[in-house]
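Q: Let me begin by handing over the structure; questions about it come next.
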Amino acid sequence: MSASNLTARHSVPALRARKGGEPIVCLTAYTAPVARLLDPHVDILLVGDSLGMVVYGLDSTLPVTLDTMIAHGAAVVRASERACVVVDLPFGSYQESKEAAFRASARVMAETGAQAIKLEGGIEMAETVAFLTARGIPVMGHVGLTPQSVNTLGGYKAVGRDAEAAERIVADARAISEAGAFTLVIEGTMEALARRITEEVAIPTIGIGGSPACDGQVLVTDDMLGLFGAFQPKFVKRYANLGETVSEAAATYAAEVRTRAFPGPEHCFGMKKAAAV
Ligand code: KIV
Numbered sequence: 001m002s003a004s005n006l007t008a009r010h011s012v013p014a015l016r017a018r019k020g021g022e023p024i025v026c027l028t029a030y031t032a033p034v035a036r037l038l039d040p041h042v043d044i045l046l047v048g049d050s051l052g053m054v055v056y057g058l059d060s061t062l063p064v065t066l067d068t069m070i071a072h073g074a075a076v077v078r079a080s081e082r083a084c085v086v087v088d089l090p091f092g093s094y095q096e097s098k099e100a101a102f103r104a105s106a107r108v109m110a111e112t113g114a115q116a117i118k119l120e121g122g123i124e125m126a127e128t129v130a131f132l133t134a135r136g137i138p139v140m141g142h143v144g145l146t147p148q149s150v151n152t153l154g155g156y157k158a159v160g161r162d163a164e165a166a167e168r169i170v171a172d173a174r175a176i177s178e179a180g181a182f183t184l185v186i187e188g189t190m191e192a193l194a195r196r197i198t199e200e201v202a203i204p205t206i207g208i209g210g211s212p213a214c215d216g217q218v219l220v221t222d223d224m225l226g227l228f229g230a231f232q233p234k235f236v237k238r239y240a241n242l243g244e245t246v247s248e249a250a251a252t253y254a255a256e257v258r259t260r261a262f263p264g265p266e267h268c269f270g271m272k273k274a275a276a277v
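Under UniProt numbering, the first residue of the sequence shown is numbered 1, with each subsequent residue one higher.
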C-alpha cells in the first residue's frame, strides 16, 4: 500500500465529521472486480460477513471465519483507491473479550490494509469498542437487527417494535457512540426509532432498513443488483436485475455451444502463413 493510496481514501475522521452533512454512501463488496466497479461511487466499501450467505451459500453468517474475512478484505483493499474499507469481525472472533477483539482486529488491519472494522452489539460491546478505539482501531458499530444474533432474535425480522425494545436499542446506540465508534449501522428497526437514534447520537448513523433521516445508507450490493435471490428484505431496492442478465447470457452461450455457433472463426487462433498446414 502506497502513501498516496492512503491519502486518497475517505478517512475515518472525515467520515466521522459527516454527521448531519452530505449522506454517507456505503455498499458491500467482497471481491476485487466488484470493489473496482463500486469504488468511484461510494464513500465506504463494507466487506460484510453477509458474504457467508451471499457468496458461500450459507444459511447464516455464523460459520464465517476470520481467515475468510481477511482474504476478501485484502482483495477489496487491493482493488480500491478512494473508499474507506471496513471489514466485519465474524461471529466468535470478538465477543469473548476485548483482548480477543483486539487480536482479531489487529489481524484484519495488518493483513488487509483496511481502515476500520465493524462489530455487532450494544451496551455489552461498549467496553470493547473503547478498548479498540484507544488502541488505534477505528470501529463501526452495528445495532438493531444484528444477524450474528439470529438465534437469540429468533429470525431475521425487524426489531424495536415495542417501547421497551426500542429503549434498549437507543441505549445500545448511545453506548456504542459514547465508546468511540466513528459510525453506527442501524439495521431493521422502526423508521421512527432509527430517526430518533440519528438525532440522539453524536456519530453518523448508516441505515439499512432504518430511516431516510440516517446520516448514510448501506445495502448489500448483490441484493440491489438482483444477484441474490434467496430472499429479498423489504428494505432492499433493486437498482438492476443482473440475475436475469446472467441467466439469459448463460442460456445463449449454452445454445451456441450446443449448435456449434460458438466459437466462431474470430475466436480461434490461426497459424502463421509460412507454418500453415
Ligand atoms: O454483513 C453485512 O453486509 C452487513 C450490512 C448488511 C450492514 O453487516
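Note that CB positions come from ideal geometry on N, CA and C, so glycine has one too.
Please read these numbers as outputs of a predicted model, since none were measured by experiment.
Rounded to the nearest angstrom, how far is the Cβ of threonine 221 from that of leucine 15, given a contact under 8 Å?
A: Rounded, the Cβ-Cβ distance is 19 Å, inconsistent with contact.
Q: Might you give, ordered along the chain, the residues of its own chain that have their beta carbon closer than 8 Å to the beta carbon of valine 218, omitting 5 neighbours on each side?
A: Closer than 8 Å at Cβ, skipping near neighbours: Cys26, Leu27, Thr28, Ile44, Leu46, Val185, Ile206, Gly207 and Ile208.
Q: If you scan the stretch 32-71 from start to end, which runs of the alpha helix (DSSP H) of 4 or more residues do you find wholly inside it?
A: You should have 32-38 and 51-54.
Q: Look at the alpha carbon of alanine 74 and the alpha carbon of glutamate 111, and state the distance between them as a whole number of angstroms.
A: When rounded, the distance between both Cα atoms is 7 Å.
Q: Using a Cβ-Cβ cut-off of 8 Å, state whether arginine 135 counts as contacting chain D.
A: No chain D appears in the structure shown, which is made up of a single protein chain.
Q: Output needed for leucine 225: all residues of its chain with C-beta closer than 6 Å, excluding positions within five of it in sequence on either side, in chain order.
A: Cβ neighbours of leucine 225 beyond the five flanking positions: Ala240 and Leu242.
Q: Which residues in the same chain as proline 263 place their Cβ atom closer than 8 Å to its Cβ, once the five residues preceding and following it in sequence are excluded?
A: Excluding residues within five positions, none has a Cβ falling inside 8 Å.
Q: Tell me, please, whether the stretch 78-87 touches the stretch 113-120 by the rule of three or more beta-carbon pairs shorter than 8 Å.
A: Contact between the stretch 78-87 and the stretch 113-120 is present, because at least three Cβ pairs lie under 8 Å.
Q: Could you say which of Arg78, Arg161, Pro33 and Glu127 lies nearest to alanine 194 if we only look at CA atoms?
A: Among Arg78, Arg161, Pro33 and Glu127, the Cα nearest to that of alanine 194 belongs to Arg161.
Q: Expressed to the nearest angstrom, what Euclidean distance is found between the alpha-carbon atoms of cysteine 214 and proline 138?
A: One C-alpha to the other measures close to 20 Å.
Q: Which residue spans inside the stretch 109-138 form an unbroken beta strand (DSSP E) run of at least 3?
A: Runs found: 116-118.
Q: Can you tell me whether DSSP reads threonine 28 as helix, strand or coil?
A: Of the three classes helix, strand and coil, the one that applies to threonine 28 here is strand, per DSSP.
Q: Could you tell me whether any non-hydrogen atom of the ligand KIV is closer than 7 Å to the CB of serine 93?
A: Incorrect: serine 93 has no Cβ contact closer than 7 Å to the ligand KIV.
Q: Considering only their Cβ atoms, is the gap separating isoleucine 197 from alanine 181 smaller than 8 Å?
A: In this structure, isoleucine 197 does not lie closer than 8 Å to alanine 181 by Cβ.
Q: Name, in chain order, the residues that DSSP records as bridge partners for isoleucine 206.
A: Bridge partners of isoleucine 206: Val185 and Gly216.
Q: Where residue 364 and methionine 53 are concerned, what is the direct C-alpha to C-alpha distance, given to the nearest angstrom?
A: No answer is possible for residue 364: it lies beyond the span of the chain, which begins at 1 and ends at 277.
Q: Assign phenylalanine 131 to one of two classes, buried (16 or more other C-beta atoms within 10 Å of its C-beta) or exposed (fewer than that).
A: Its Cβ being crowded by 16 or more others within 10 Å, phenylalanine 131 is buried.
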